[in-house]
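Visitor: Here our numbering is used: the first residue of the sequence shown is 25, the next is one more, and so on. Ideal Cβ placement from N, Cα and C applies to all residues, glycine included. Please see the structure below; I have some questions.
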Amino acid sequence: MIPLCEPAIAGNEIKYISECIEKRWISTYGEFIKRFEEKFKEFLGVKHAIAVSSGTAALHLALRALNIGEEDEVIIPSLTFIATANAVKYVGAEPVFVDVKKDTFVLNVEKVEEMITPKTKAIIPVHLYGYAADMEKLRKIAEKYDLYIIEDATEALGTKFKGRYVGTFGEFGCFSFNGNKLITTGNGGMIVTNRDDLAEYVRYLSSQAKTMLSNNGFVHNEIGYNYRLPNLLAAFGLAQLEKLEEFLRAKRRNAEIYNLYLKDVKGVITPFDTEEVENSYWLYSIVVTENFGITRDELIDELKKHEIESRPFFQPIHLMRNFRNCKKSEMNNTEYLASHGINLPSSVSLEEKEIELICTIIKRYG
Ligand SMILES: Cc1ncc(COP(=O)(O)O)c(C=O)c1O
Numbered sequence: 025m026i027p028l029c030e031p032a033i034a035g036n037e038i039k040y041i042s043e044c045i046e047k048r049w050i051s052t053y054g055e056f057i058k059r060f061e062e063k064f065k066e067f068l069g070v071k072h073a074i075a076v077s078s079g080t081a082a083l084h085l086a087l088r089a090l091n092i093g094e095e096d097e098v099i100i101p102s103l104t105f106i107a108t109a110n111a112v113k114y115v116g117a118e119p120v121f122v123d124v125k126k127d128t129f130v131l132n133v134e135k136v137e138e139m140i141t142p143k144t145k146a147i148i149p150v151h152l153y154g155y156a157a158d159m160e161k162l163r164k165i166a167e168k169y170d171l172y173i174i175e176d177a178t179e180a181l182g183t184k185f186k187g188r189y190v191g192t193f194g195e196f197g198c199f200s201f202n203g204n205k206l207i208t209t210g211n212g213g214m215i216v217t218n219r220d221d222l223a224e225y226v227r228y229l230s231s232q233a234k235t236m237l238s239n240n241g242f243v244h245n246e247i248g249y250n251y252r253l254p255n256l257l258a259a260f261g262l263a264q265l266e267k268l269e270e271f272l273r274a275k276r277r278n279a280e281i282y283n284l285y286l287k288d289v290k291g292v293i294t295p296f297d298t299e300e301v302e303n304s305y306w307l308y309s310i311v312v313t314e315n316f317g318i319t320r321d322e323l324i325d326e327l328k329k330h331e332i333e334s335r336p337f338f339q340p341i342h343l344m345r346n347f348r349n350c351k352k353s354e355m356n357n358t359e360y361l362a363s364h365g366i367n368l369p370s371s372v373s374l375e376e377k378e379i380e381l382i383c384t385i386i387k388r389y390g
C-alpha cells in the first residue's frame, strides 16, 4: 500500500524520548516543552509559541483568548476540516461561511466583505493543503472593520506568503502536529502570537486557568482547559522540528516530480506556486475536471485497486447537519472542489518510482 501521508521518524526522536524517561520528564516538568517552543518560534520569526495538545485546542484557545462568544460571528471557509468550524461553536459563536478560490482552495478574500455584519468579530483563513490565503488583503479588511484574524495554519507549516511564513500575520496562528502533518507529535499543536498579553492569557487558559498560591495551592478564577502538551510529546516534536527543512524539501521534490509526470494530462489541474505564495505542498492536491476520462471518485477507486491511498477534498461544512443553517456566501467553488479535488500520496519518504506508478494510472484516463 502507498499511504496518503505517513510520518518520517528518522532523527533524534528515540534519543530525546529516552532522555525524558530517564529524567522523569514525562508531564509538565522538564526542558523539552521550552526547547520545542523556542525552536518553533525561531523558525517562524514570531514572538511567542505555546505548545498545546492539538490544533483544535489551539483554535479554541485563540477564540477564547480574544473573548469571542455568544452573539458573535466568525468568518471561515466551508472547505476545511471540521475542527475550524467546531472551534467556533465551542465558544458559542456562529460560523459564517465564505466561498474559496477555485485555483488555490483558500478563502476568497474578495467575498469576505459582503458577509461582514456588526456581529462579526474575527476571520479564520485556512491555509489549505499548503496553499496560503491572501494575508495582505485580508489584513486590510480586518483593519477596516476592526476584526481579529486567527490563521488556521494547521496544514501549512513552512508555507510563505510574500516571503513571510503563514501563521504570523494574524493575532494568532494555529498549527497541528497530528499524525499526518508535516511534523508530528502523535497528537499536538502550537499556537503563536506576537502579542505578549495574548500569549500570557493563552498559557493561563491552557493550564486550567491556574494561579499558584504561596503555599503551592491553586486558585482558578476562570474556566480553563487541560490543553498543554506534555514533555514526552514535546521531545518527539523537537526531534521532528530539527528535520523540518529536510521535510519541506522532500514535499517540494514530490510536487516537482508529480507536476512533471502529470504535465499536459487532459482534465488534471496540478498545484503550483504563485507570485506571492510559496506552497509547502503538504498534500499534493489535484483537481480532476469534466475533461478527465473518469470521475474523481472513480479515480479514487482505481488507485485503491492498485493499493494506492488517496483522499477526496473535504466535504463542505455548510452542508453538514450542525452547520446547515449558518449564514453563507454562494458556494460554487467550494462545492465544485469538494467533488473534484483529490489528495495524492505525499509522504516525505515517497519514492520517484511510486510517483511514476501513481501517475501512470492517472494518465490512462487523461
Ligand atoms: C484545516 C485544519 N484545521 C484544524 C485541524 C485540527 O488539528 P488537530 O487534528 O491537531 O486537532 C486540522 C487537522 O487535523 C486541519 O486540517
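Which term fits Asn245, buried or exposed, when burial requires 16 or more other beta carbons within 10 angstroms of its beta carbon?
Guide: exposed
Visitor: Between which two residues does the alpha helix (DSSP H) harbouring Asn110 extend?
Guide: Ile106 to Tyr114
Visitor: Note down the Cα distance separating Gly390 from Leu327, rounded to an integer number of angstroms.
Guide: 14 Å
Visitor: Using the beta carbon as the reference atom, which residues fall closer than 6 Å to any heavy atom of ligand 1, ordered along the chain?
Guide: Here the list is Ser78, Gly79, Thr80, Thr104, Phe105, Ala107, Thr108, Val150, Asp176, Thr178, Glu179, Ser200, Asn202 and Gly213.
Visitor: Using the Cβ count rule (16 or more neighbours within 10 Å means buried), how would you classify Ile366?
Guide: buried
Visitor: Measure the C-alpha to C-alpha separation of Lys135 and Gln264 and round it to an integer number of angstroms.
Guide: 38 Å
Visitor: Unbroken alpha helix (DSSP H) runs of length 4 or more, entirely within the stretch 315–377: which are they?
Guide: 320–329 and 356–364
Visitor: Are the CB atoms of Ile332 and Leu381 nearer to each other than 9 Å?
Guide: yes
Visitor: Should the stretch 177–185 be regarded as contacting the stretch 32–50, the criterion being three or more beta carbon pairs within less than 8 Å?
Guide: no
Visitor: Compute the Euclidean distance between the alpha carbons of Ala32 and Glu375, then round it to the nearest angstrom.
Guide: 13 Å
Visitor: Taking the CB atoms as reference points, tell me whether Gly35 and Tyr189 lie closer together than 9 Å.
Guide: no
Visitor: Run through the DSSP bridge pairs and tell me what Gly210 is partnered with.
Guide: Asn202
Visitor: Give a yes or no on whether the C-beta atoms belonging to Ser353 and Glu138 are separated by under 9 Å.
Guide: Result yes, Cβ atoms of Ser353 and Glu138 sit closer than 9 Å.
Visitor: For Lys65, does the count of other Cβ atoms within 10 angstroms reach 16, so buried, or fall short, so exposed?
Guide: buried
Visitor: Measure the CB-CB distance between Lys145 and Tyr172 and report whether it falls below 9 Å.
Guide: yes
Visitor: Classify Pro142: buried if its beta carbon has 16 or more other beta carbons within 10 angstroms, exposed otherwise.
Guide: exposed
Visitor: Where do the ends of the beta strand (DSSP E) carrying Ser24 lie?
Guide: Examination of residue 24 is not possible in this model, given that the chain is present from 25 through 390 alone.
Visitor: Just to confirm the assignment, what range does the beta strand (DSSP E) spanning Val226 have?
Guide: Looking at the DSSP string, Val226 is not in any beta strand (DSSP E); the run it does join, the alpha helix (DSSP H), is Asp220 to Ser230.
Visitor: Entirely within the stretch 267–307 and at least 4 residues each: give me those alpha helix (DSSP H) ranges in chain order.
Guide: 268–286
Visitor: Touch check for the stretch 115–134 and the stretch 151–166: three-plus C-beta pairs under 8 Å?
Guide: Enough Cβ pairs lie closer than 8 Å, so yes.
Visitor: My output table needs one value for Leu152: the three-state DSSP class, helix, strand or coil.
Guide: Here Leu152 sits in helix by DSSP.
Visitor: Have a look at Ser370, Asn250 and Gly194 and flag the residue whose alpha-carbon is nearest the alpha-carbon of Ala177.
Guide: Gly194
Visitor: Quick check: what's the CA-CA separation for Val76 versus Ala111?
Guide: Distance from the CA of Val76 to the CA of Ala111, rounded to the nearest whole angstrom, comes to 15 Å.
Visitor: State the start and end residues of the unbroken alpha helix (DSSP H) segment that holds Lys164.
Guide: First-last of the alpha helix (DSSP H) with Lys164: Met159 to Tyr169.
Visitor: Name the residue from Glu175, Thr319 and Ser334 whose alpha carbon lies nearest to the alpha carbon of His84.
Guide: Glu175
Visitor: When the distance is taken between beta carbons, is Leu162 closer than 9 Å to Gly213?
Guide: no
Visitor: Indicate the three-state DSSP secondary structure (helix, strand or coil) for Leu392 in the structure shown.
Guide: A question about residue 392 goes unanswered here, because the residues of the chain that appear run from 25 up to 390.
Visitor: By the 10 Å Cβ neighbour count, where 16 or more other Cβ atoms means buried, how is Glu187 classified, buried or exposed?
Guide: Contrary to the premise, residue 187 reads as Gly rather than Glu in this sequence. Result: exposed.
Visitor: Classify Glu30 as helix, strand or coil using the three-state DSSP reduction.
Guide: coil
Visitor: Measure the beta-carbon distance from Arg320 to Pro295 and round it to whole angstroms, keeping in mind my assumption that it falls under 8 Å.
Guide: Contact doesn't hold; Cβ gap of about 15 Å is too wide.
Visitor: Counting C-beta neighbours from all protein chains within 10 Å, is the total for Glu299 16 or more, i.e. buried, or is it exposed?
Guide: Of the residues assessed, Glu299 falls on the exposed side of the cut-off, its CB having fewer than 16 other CB atoms within 10 angstroms.
Visitor: Which stretch, first to last residue, makes up the alpha helix (DSSP H) that contains Tyr40?
Guide: For Tyr40, the uninterrupted alpha helix (DSSP H) run begins and ends at Glu37 to Lys47, by DSSP.
Visitor: Is the stretch 93–106 close to the stretch 118–130, with three or more CB pairs under 8 Å?
Guide: At 8 Å Cβ cutoff, the stretches touch.
Visitor: Go to Thr144, then tell me how far its beta strand (DSSP E) extends in each direction, as first and last residue.
Guide: Residues Thr144 to Ile147.
Visitor: Is the CB-CB distance between Lys275 and Tyr305 below 9 Å?
Guide: The beta carbons of Lys275 and Tyr305 sit closer together than 9 Å.
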